[in-house]
Structures are given as structure tokens and as C-alpha cells.
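Numbering (the working numbering), first residue to last: 2 to 501.
The beta carbon of each residue, even a glycine, is placed where N, CA and C say it ideally should be.
Since the model is a prediction, treat every value here as computed from it, not as a measurement.
First up is the structure itself, then whatever we jot down about it.
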């Protein structure tokens, strides 16, 4: 009972300290006092050369203590990357071959679209649970996702064993279960990078693992059409994807739970409990100015990826050409993010990047309205490349900036809310886009120009939101709190290099 009361009291003090930081900027004094005065937050003492670390140490109050990174973090990073790739490939199993899948399962193409919609809604249904599990640590989230991925894939195959035709109910049920797995790993990158990486590598780590998700979609866009040339091929395709998913998910049970010692001051900072965290998020204007456009743009990316074939085929593009367009969107985006993320790790220019990238995304959706009707691959590919570069560069910027502005909230809170919003909007946008499909007697039949106009209007409508960050006398709300916590604590220590 006494321990519980002490824990509640500490959470209350943390919440009050965050309010002080929000209102008058003096919260740093609280953290300095708390860090120096409480043995709960001190690091274990170590001799130089112990363990498998490869980081930096510190001399604090006359005792040798070490902030260090551990080589084992790369195993967890690789596993999180693999799982984000495979869960996205699972999502894109049927969309790139929607016409063959519809024939195989004896349903309409719109029913195949509902498989993607159900996948997005499954994320929204369980995201509160994923926040709670991620709050306990990323390993439990990894294992939960692995179990759901395994079950979901083999349920899908159970309804797809015959080349002559499949059972859509099994495919839908399996897809929903895989959708339940997604929030546990899609929202995990910021939590994992906060736990295992310093501020010199967090953006890159978050970018790699977060952008692995759309990279998996690119695999689906490119490889699935090569595996399915007729409806009967769907059965083998589902089997192969299930086997690959099993191989990628199994190592999740062997990921280390946490580093033996914190990698830096911010990593050992006690976090607010979930109830107080949600209260802080609900009251922060700056967080919502980022969360709203992020969620909408993720929703449009999901919608565009799911419907790109149906947007381009009425104008004479083949499944392969549309699939290559989806791959261009993703691969160019990954290259752009690989270039921009290390730069942002060094410069910490999150606000500038946000204000540059968001207008580019909005304008790209506007220009894409007219690209399919050019009936030439050059126009759509160029615009998709620009859209991919701007969207993918934006993802790690927004996720890390949300954490910097909300510290000491636990990282999974803002990232899970952001991704859940994206999945919800993705489902809504697919439903709306299907409702806007032209009739069969249109020219060309069943084109989706109205859906493209809808995307452009909404994408441009949210552009002003992040541009307002720091205006109207609120620049003090944009302090990079987690970085400041690291710098203030390191400034009072003598740093030594440890190379065991």
C-alpha cells in the first residue's frame, strides 16, 4: 500500500512538473533537483570495459557511471524493421491484384477493398491496448505482434488452399487479426529508439523502422503481381507470404527487453502515467497542429496505396505499371528519408523541415489529379516520386518532434495516437473514394478523378496547421525538451569514451 502511494505521488509530481514546463519554462529546475536528489534515478556503477557497450560514460558526483549504447540494440532494430516490412506486405497481399483476387474469392472488387479497410479499422480498435503494452516495454509488444501475425497469416491460408477458389471469410478474418498486430510494431519505433539510442541516432533509428512499413507495401506492389498472373495463383501467393511472415516474426521472442543501463539522461527520466499523458496531449495545441496533418497524410498514403491500381487502370495502365508506380512512391521516399534523417539527427531542425515538407505534400496531391489522364507513365511516376520523397521524409520528423515537444510523456503515447489517426483516416478515405467512383458509362468507365480531387482538397486544407507552429507568441512552446534534458545533465558530467 505504501509503495503504491509513493508511486502515485511520484506520478502526480511528474504531471505537475510537465505543467510547469508548459506554462513558465522553469520545469528544468524540477528535473535537475529530481535527478540529483533521488537514488531511484541514478545509474549503476560500472568499471570501464565491462559489457558489450559502445557508447560514452560520465563521471558524476565523484563516482564512475556510464551512459552507454549496446551493440545488442541492432538485433532488436533489425527485428522491428523486418516485422514492419512483413505486416505491411500482409496488408498489400490482395490490393495489387484486386481483379484476380475478386475472381478467386468470387466477390466484387469493392469487397477486396474492404479487406484493406478492415485492416485499418483493426488498428484503431486495439490501439489503446497497444499503448498500454508499449508502456511496459517494446519486447512484450514485439511478441504480441508476432503471435497475431502468425495466427492471421495461417487463417488466411486456411481459406485459400484450393486453386479453384477460396473463402473470403477466412481471408477477411486473417487480415483483421494481422491488423490487430500492426499497432504493436508500427508505434514501437519511437519507444524503442528512446530506450536504446541517444539523441545522435534516434531520428535515423525511428526512420529506419517506421519507413520499413511502407517499404513492405512496396514489396507487395512489386512482387505480388509477379506471383499472380491468373486467379488460381492466389492460393500459392498466400502460402508464400505466410511462410515469409512466419520466418520474419519468429525471432521477436529473442529480442532483449531493455539495455542493462540507460543510454542517456533522457532515457532514465521517469515518464508520466498513461492517464496524465492523455490529459497533457488533449490540452496541447502544438501537438494537435502536428497530429492532425500527420494522420490525414498517412490516411491518404494508405488510401492511395490501396487504390492506385483502380485509379490508373481506367486510363489504360496495366497492373504492372500501376504496381511500379506504387513502388516508385515508396522507394524514392525511402531514399529521401535515408538522406534527410542523418542530417536532422545532427541539426535538429524539426520545425523547419515540417514547414517545408507539408506544403510539398499538399501540392503533390493537387498535381496528381491530372496525372492518370495523361495516359503516359512519366507524369504519374514523377509526381509519385515527389510525393513519396516528401511524405517519407516527413514521417520521422513528425514522430520525433512530437516526442520532443511532449517529453516527459512516454514516446508510445503520441506515436500510437498519430498512427491510429492515420489508419482511421485511411479507412474513411477508402470508403469515400469507393463512393466517388464514376459509373460504367463514364469516359473512361469507373474512373476515380473525383476521389483524386477529394484527396487534394483535404490535403491542402490541413497545410496551414503546422505552418502556425510558433506563431502568436507561442514560440516558447516549441522547446526540444528531451534534447534539453540530455544536454543539461551531460553538461554537469565529465564524458569518457568506452570501447570494450
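message = Rounded to the nearest angstrom, what separates residue 297 and residue 230 at their Cα positions?
response = As a working mapping, residue 297 is identified with position 296 in the chain shown. As a working mapping, residue 230 is identified with position 229 in the chain shown. Spanning the two alpha carbons is a distance of roughly 34 Å.
Cβ-based neighbour list, residue 503, same chain, cut-off 7 Å, excluding 5 preceding and 5 following = With the chain running from 2 to 501 in the structure shown, residue 503 is simply not present.
query = Where does the unbroken alpha helix (DSSP H) through residue 346 begin, and where does it stop?
reply = For the purposes of this step, residue 346 is taken as the residue at position 345 of the chain shown. Note, residue 346: alpha helix (DSSP H), 320-348.
message = Among the candidates 234, 130, 135, whose CA atom is the shortest distance from the CA of residue 165?
response = As a first step, residue 165 must be located in the chain shown, where it is residue number 164. The candidate whose alpha carbon is nearest that of residue 165 is 234.
inquiry  = Using a Cβ-Cβ cutoff of less than 7 Å, which residues in the same chain neighbour residue 481 once the five nearest sequence positions on both sides are dropped?
reply    = For the purposes of this step, residue 481 is taken as the residue at position 480 of the chain shown. Correct list, in chain order: 349, 405.
Cut-off 7 Å between Cβ atoms - residues of its own chain near residue 202, not counting five sequence neighbours on either side = Along the chain shown, one-based indexing puts residue 202 at 201. If the five residues before and after residue 202 are omitted, its C-beta is found closer than 7 Å to the C-beta atoms of 346, all from its own chain and listed in chain order.
ask   = To the nearest angstrom, how far is it from the Cα of residue 281 to the Cα of residue 178?
value = The residue given as residue 281 occupies position 280 in the chain shown. The residue given as residue 178 occupies position 177 in the chain shown. The C-alpha of residue 178 is placed about 31 Å away from the C-alpha of residue 281.
message = Could you give the first and the last residue of the continuous alpha helix (DSSP H) run that contains residue 383?
response = The residue given as residue 383 occupies position 382 in the chain shown. It spans 379-407 - the alpha helix (DSSP H) in which residue 383 sits, taken as one unbroken run.
ask   = What's the gap between the Cα of residue 54 and the Cα of residue 71?
value = Stepping through the chain shown from its first residue, residue 54 is reached at position 53. Stepping through the chain shown from its first residue, residue 71 is reached at position 70. The predicted position of residue 54 is uncertain, since its pLDDT is 47 and thus under 50; a value taken from the coordinates is nonetheless stated next. One C-alpha to the other measures close to 4 Å.
task = Quick one: using the 10 Å Cβ neighbour count with 16 as the cut-off for buried, is residue 85 buried or exposed?
result = For the purposes of this step, residue 85 is taken as the residue at position 84 of the chain shown. By the neighbour-count rule (16 or more Cβ atoms within 10 Å), residue 85 is buried.
request  = Could you pull out every residue in the same chain whose Cβ sits closer than 6 Å to the Cβ of residue 424, ignoring the five residues on either side in sequence?
outcome  = The sequence position of residue 424 within the chain shown is 423, counting from 1. Closer than 6 Å at the Cβ level, and outside the excluded window around residue 424, lie 121, 124, 125.
Span separating the alpha-carbon of residue 401 from that of residue 443 = As a first step, residue 401 must be located in the chain shown, where it is residue number 400. As a first step, residue 443 must be located in the chain shown, where it is residue number 442. A direct Cα-Cα distance of roughly 45 Å separates residue 401 from residue 443.
ask   = Quick check: the region 91-102 against the region 306-318, are there 3 or more CB pairs under 8 Å?
value = The region 91-102 makes contact with the region 306-318; the number of CB pairs closer than 8 Å reaches 3 or more.
request  = Grab the span of the alpha helix (DSSP H) containing residue 101 for me, first residue to last.
outcome  = Your numbering for residue 101 matches position 100 in the chain shown. Bounds of the alpha helix (DSSP H) holding residue 101 are 99-106.
query = Quick one: complete alpha helix (DSSP H) runs, 4+ long, within the region 248-311?
reply = Runs of the alpha helix (DSSP H) inside the region 248-311: 266-269, 275-284.
request  = Give the C-beta separation of residue 285 and residue 434 to the nearest angstrom, bearing in mind that I take them to be a contact with Cβ-Cβ under 8 Å.
outcome  = Within the chain shown, the letter at position 284 stands for residue 285. Within the chain shown, the letter at position 433 stands for residue 434. Rounded, the Cβ-Cβ distance is 32 Å, inconsistent with contact.
request  = Could you tell me the distance, in whole angstroms, from the CA atom of residue 316 to the CA atom of residue 456?
outcome  = One-based indexing of the chain shown puts residue 316 at position 315. One-based indexing of the chain shown puts residue 456 at position 455. When the Cα atoms are used, residue 316 and residue 456 turn out to be separated by approximately 19 Å.
query = Who are the Cβ neighbours of residue 303 in its own chain at under 6 Å, not counting the five residues just before and after it?
reply = The residue given as residue 303 occupies position 302 in the chain shown. So the list reads 427, once near-sequence residues are dropped.
task = Would you mind giving the Cβ-Cβ distance between residue 218 and residue 93, rounded to the nearest angstrom? I have them listed as a contact below 8 Å.
result = The count along the chain shown starts at 1 and reaches residue 218 at position 217. The count along the chain shown starts at 1 and reaches residue 93 at position 92. Correct: roughly 5 Å between the Cβ atoms.
ask   = Using the C-alpha atoms, what's the distance from residue 251 back to residue 78?
value = For this step, residue 78 is matched to residue 77 along the chain shown. For this step, residue 251 is matched to residue 250 along the chain shown. The alpha-carbon atoms of residue 78 and residue 251 are separated by roughly 15 Å.
task = Reducing DSSP to helix, strand and coil, say where residue 481 ends up.
result = To locate residue 481, count along the chain shown from 1; it is residue 480. The three-state secondary structure of residue 481, taken from DSSP, is coil.
key: Same chain, Cβ closer than 7 Å to residue 368, five either side skipped, listed in chain order   = Position 367 of the chain shown, counted from the first residue, corresponds to residue 368. Cβ within range, chain order: 384.
query = To the nearest angstrom, how far is it from the Cα of residue 418 to the Cα of residue 290?
reply = In the chain shown, residue 418 corresponds to position 417, counting from 1. In the chain shown, residue 290 corresponds to position 289, counting from 1. Between residue 418 and residue 290, the C-alpha separation is close to 13 Å.
query = Quick one: is residue 462 buried, meaning 16 or more other Cβ sit within 10 Å of its Cβ, or exposed?
reply = The count along the chain shown starts at 1 and reaches residue 462 at position 461. Here residue 462 is exposed: its Cβ has fewer than 16 other Cβ atoms, across all protein chains shown, within 10 Å.
task = Run the CB neighbour count on residue 476, radius 10 Å, all protein chains shown included, and call it buried at 16 or more, exposed below.
result = In the chain shown, counting from the first residue as 1, residue 476 sits at position 475. Exposed, since its Cβ has fewer than 16 Cβ neighbours within 10 Å.
task = Tell me whether residue 217 sits in a helix, a strand or coil according to DSSP, three-state version.
result = Locating residue 217 in the chain shown gives position 216, where the first residue counts as 1. Of the three classes helix, strand and coil, the one that applies to residue 217 here is helix, per DSSP.
query = By DSSP, does residue 211 sit in helix, in strand, or in coil?
reply = Here residue 211 corresponds to residue number 210 of the chain shown, with the count starting at 1. It is helical.
task = Count the other CB atoms, across all protein chains shown, that sit within 10 Å of the CB of residue 321; report buried if there are 16 or more and exposed otherwise.
result = On the chain shown, position 320 is the one that residue 321 refers to. Label assigned to residue 321: exposed.
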